[in-house]
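Visitor: Could you have a look at this structure, given as structure tokens, before my questions?
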Amino acid sequence: MATKFVIEGLKAEIEGKEILKGIDLEMKGGEIHAIMGPNGTGKSTLASALMGHPKYEVTAGSATLNDEDLLDMSVDERALAGLFLAMQYPSEIAGVTNSDFLRSAINARRGEGNEISLIKFIRQMEKSMKGLEMNPEFAHRYLNEGFSGGEKKRNEILQMMLLDPKIVVLDEVDSGLDIDALRIVANGVNQMRSEDRGFLIITHYQRLLNYITPDFVHVMMQGRIVKSGGPELAARLEQDGYDWIKEELGITDETVGQEQEA
Amino acid sequence: MTLQTILPVQAAQIKEWAEARGEAAWVTEHRLQALEAAPSLELPKPEKTKLDRWNLSAYGTFKAAEAVGQGTLPAAAKDLIDEGAHNLIVQLNSGVVHTVLSEELSAQGVIFTDLETATREHEDLVKKHFGSAVKPGEHQVSALHYAAWNGGVFLYVPKNVELEAPLQAVFLSDDASASFAPHILIVADTNSRVTYVDSYVSAGLAGEVLHNGVVEVIALDGAKVQYATVHQFGKEVTDISFRRALLSNDSSIEWIVGEMNDGDTATDTATVLNGSGTNSDAKIIAIGSGSQKLNYTTRAVHFGKSSESDMFTRAVMREEAQAIINGITKIEHGATKANGQQAEKVLMLSPAARGDANPILLIDEDDVMAGHAASVGKVNPEQIYYLMSRGISKPEAERLIIYGFLAPIIAEIPLELLRTRLQRVVERKLGQ
Ligand SMILES: Nc1ncnc2c1ncn2[C@@H]1O[C@H](COP(=O)(O)OP(=O)(O)OP(=O)(O)O)[C@@H](O)[C@H]1O
Ligand SMILES: [Mg+2]
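Residue numbers (our numbering), protein chains in the order written: chain A, 1 to 262; chain B, 1001 to 1432.
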């Protein structure tokens, strides 16, 4: 079945404060959507709410992946249903090696009795690491512990490659990357493009989109998607910033919670 | 005080047991002296734990043990023995039932036998060191230990002998009416090197048992001793263990301790760094569950110049377990350039569990380094979320994080077999 990911009227709050004010978005397999927007406008919140972060409470709306209700699932069930989130700030977990973690994650998908053989796992992991130009020693390091910002991002992409998700949300996977790393990470993403995989790329910069051309670009402000367009929208934002959109829409402060009461 | 203390061990019993075993007169005399002192001695006082309400009276009675071959050992003991163990002692309840020492080691002058035999066959050596690290008169529990000890291990490694392969011992209590109080005495002579590994276990107990155990390690100049121990007694056993190493110049001890009992436990793992250039390294992992009352104390006492100590304890507390974790670094006046470091970390898995990490630095010398770190925390929900976002179930995510918490110490364990065995016990203790 062709992948179909639908978000409708999604509202979410954190500690009683409403951050997402009703998000509508539809994505199909093979499509790449970019979400841009100034700081503090709810982009990471959208990603976290979709993944099921315990701090975010969804108060209205729905999100379905191939007609399955994601919001009804626990975090691990969402992952098994095919959702993957490369996080803006991945956790560090001391004592758990990267390779043990990756193997657990792969086996969670495969289910009991169908675990991946060690040899096969190592082969897959090493191949993907090589593609991302990661030092093999990162397999034996503790998960994200002491990784540099860029190393953490590469590690997120490594996980994406090994877990073969249907919908990939990348939250600022380009921030903190040097130019070479940006190209490597973008190559990793491009390799994973396929007809039944959709990407939702949250980014501040056109430079990532130079490597990964989006089909759709959405702009978020005040917890809403306020404008959508094609790749040319990203280019215009790169050139002119956000002021023209704010003007167009009569927004003075774009961050969440600053909008005038209607 | 005129309060009459009724002791759980009687002189008449001791004499009777001694006779039954054909014990040397000096040994029996030593026991009786310790017993005589007992009533006027107080219970030990580990920091922040009161032992008065603990059940410390289940000494049982001495039961003669019959030697058996390795094949006929109880399964609970056999499970803990490495296949092809060439140097092995097994104690069952009140006495050692199985001893193997390879010809190779005995040709090098290594002595590895039960302590009762050693008091007869190596009287001078035993007399010189027995009771020199943990003294009978320290408190009532040590006095009663020296009155009632049985079985045990005596390991002597001669000068310059360096042993690669670990020597092993297993202590099994499976008869609640039998007394169980092994004493381990290790003497590592000048520039020798040895690794000793033991396991404490119980099986099928029909009543309460007290394990009142003492470990003494005497490292002479330049000796290197590695001591690894795993305690995995069932809930019927109250475990009071005093482990202590005395270090002469340039010698070292490495303690690796797995505290995996199901019953109340108070242990004290200490090194006295008498000599200069000495080194003590203690790594303890502990898991508490059920309604266990626990006190784990590690101590380093520095007398020697340029002596160094490290103490690391990692403890996981489940259910209603209550643990006090003390780290005591004492640097005496004159121990210049000493360096004492310690860290206690506790991971709490349930709101009803208690864990109290208690670092204590007592420093009477200016020219030293000392440091401590202590933390008590819960499993971080962000970490659980991160792992679950990769499809890992919640229990599995918790398991990974708990293992990760213990891993830095488990990874340091030098013997693969002990590592895997400990891993198994950890799994059991975590209820997986
Ligand atoms: N724990 C919290 N308590 C209160 N407010 C919060 C909390 N977490 C996030 N917010 C607020 O929610 C709003 C949206 O945050 P979010 O992280 O989604 O922004 P973003 O668009 O991803 O920004 P950036 O581009 O800087 O990453 C911000 O105003 C932020 O301060
Ligand atoms: Mg963000």
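Ideal Cβ placement from N, Cα and C applies to all residues, glycine included. Just so we're clear, the structure is a prediction, and the values are computed from it rather than from any experiment.
1) Report buried or exposed for E112(A), applying the criterion of at least 16 other Cβ atoms within 10 angstroms of its Cβ.
2) Please name the residue, chosen from R1053(B), E1398(B) and Y1200(B), that lies closest to F1180(B) on a Cα-to-Cα basis.
3) Alpha carbons only, please: which of Q1423(B), D1310(B) and A1148(B) is nearest the one belonging to Q1013(B)?
4) Closer than 7 Å: is that where the CB of K153(A) sits relative to any heavy atom of ligand 1?
5) Taking 7 Å as the cut-off, is the beta-carbon of Q159(A) closer than that to any non-hydrogen atom of ligand 2?
6) Less than 7 Å separating the Cβ of E156(A) from some heavy atom of ligand 2?
7) So is the beta-carbon of D171(A) under 7 Å away from any non-hydrogen atom of ligand 2?
8) Just the chain A side, please: which residues come within less than 9 Å of K1394(B) by C-beta, in chain order?
9) Taking Cβ-Cβ distances below 8 Å as the criterion, which residues of the stretch 98-113 of chain A are in contact with chain B?
10) What I want to know is whether the C-beta of N1380(B) ends up closer than 7 Å to one or more non-hydrogen atoms of ligand 1.
11) So P1381(B) contacts chain A; which residues on that side make the cut at Cβ distance below 7 Å?
12) Measuring only the C-alpha atoms, how far is S117(A) from R123(A)?
13) For A1178(B) and A1206(B), I'd like the C-alpha separation in whole angstroms.
14) If you run the structure through DSSP and keep just helix, strand and coil, what is G1377(B)?
15) Does the beta-carbon of S44(A), which I'm using as the reference point, lie nearer than 7 Å to any heavy atom of ligand 2?
16) For ligand 1, is there any heavy atom lying closer than 7 Å to the beta carbon of N135(A)?
17) With respect to 7 Å, is the separation between the Cβ of Q88(A) and the closest non-hydrogen atom of ligand 2 below this value?
18) Check whether the Cβ of I1413(B) sits closer than 7 Å to any heavy atom of ligand 1, and report yes or no.
19) Which chain A residues are close to S1389(B), counting only those with a beta carbon under 9 Å from its beta carbon?
20) Can you tell me whether V256(A) sits near ligand 1, meaning its C-beta is under 7 Å from at least one heavy atom of the ligand?
21) Say whether chain A places a C-beta atom closer than 8 Å to the C-beta of Y1296(B).
22) Closest Cβ-Cβ distance between V58(A) and chain B: below 8 Å?
23) Report yes or no: is there a C-beta of chain B within less than 8 Å of the C-beta of D180(A)?
24) Here's the rule: buried if 16 or more other CB atoms are within 10 angstroms of the residue's CB, otherwise exposed. What is D1052(B)?
25) Would P1434(B) count as contacting chain A if we go by Cβ distances under 8 Å?
26) Taking all protein chains shown into account, do 16 or more other C-beta atoms lie within 10 angstroms of the C-beta of R78(A), making it buried, or fewer, making it exposed?
27) Quick one: does the C-beta of G37(A) sit closer than 7 Å to a heavy atom of ligand 1?
28) Taking the alpha helix (DSSP H) that I1409(B) belongs to, which residues open and close that run?
29) Are the beta-carbon atoms belonging to T45(A) and G29(A) less than 8 Å from one another?
Guide: In terms of the structure at hand:
1) exposed
2) Y1200(B)
3) For the residues Q1423(B), D1310(B) and A1148(B), the minimum Cα distance to Q1013(B) belongs to A1148(B).
4) no
5) Shortest gap from the CB of Q159(A) to any heavy atom of ligand 2: 7 Å or more.
6) no
7) Annotation for D171(A) indicates a beta carbon within 7 Å of some heavy atom of ligand 2.
8) S74, V75 and D76
9) D100, F101, S104, A105, A108 and R109
10) no
11) P54
12) 10 Å
13) For A1178(B) and A1206(B), the distance between alpha carbons rounds to 11 Å.
14) strand
15) yes
16) no
17) yes
18) No.
19) M51, G52, H53, V75, D76, R78, A79, L83, F84, L85 and M87
20) Yes, the Cβ of V256(A) comes within 7 Å of a heavy atom of ligand 1.
21) no
22) At a cut-off of 8 Å, the C-beta of V58(A) has no neighbouring C-beta in chain B.
23) no
24) exposed
25) Look at the range of chain B in this structure, 1001 to 1432, and you will see that residue 1434(B) is not part of it.
26) buried
27) yes
28) Residue range K1394 to I1410 is occupied by the alpha helix (DSSP H) that includes I1409(B).
29) No, the pair does not count as a contact, with Cβ atoms beyond the cut-off.
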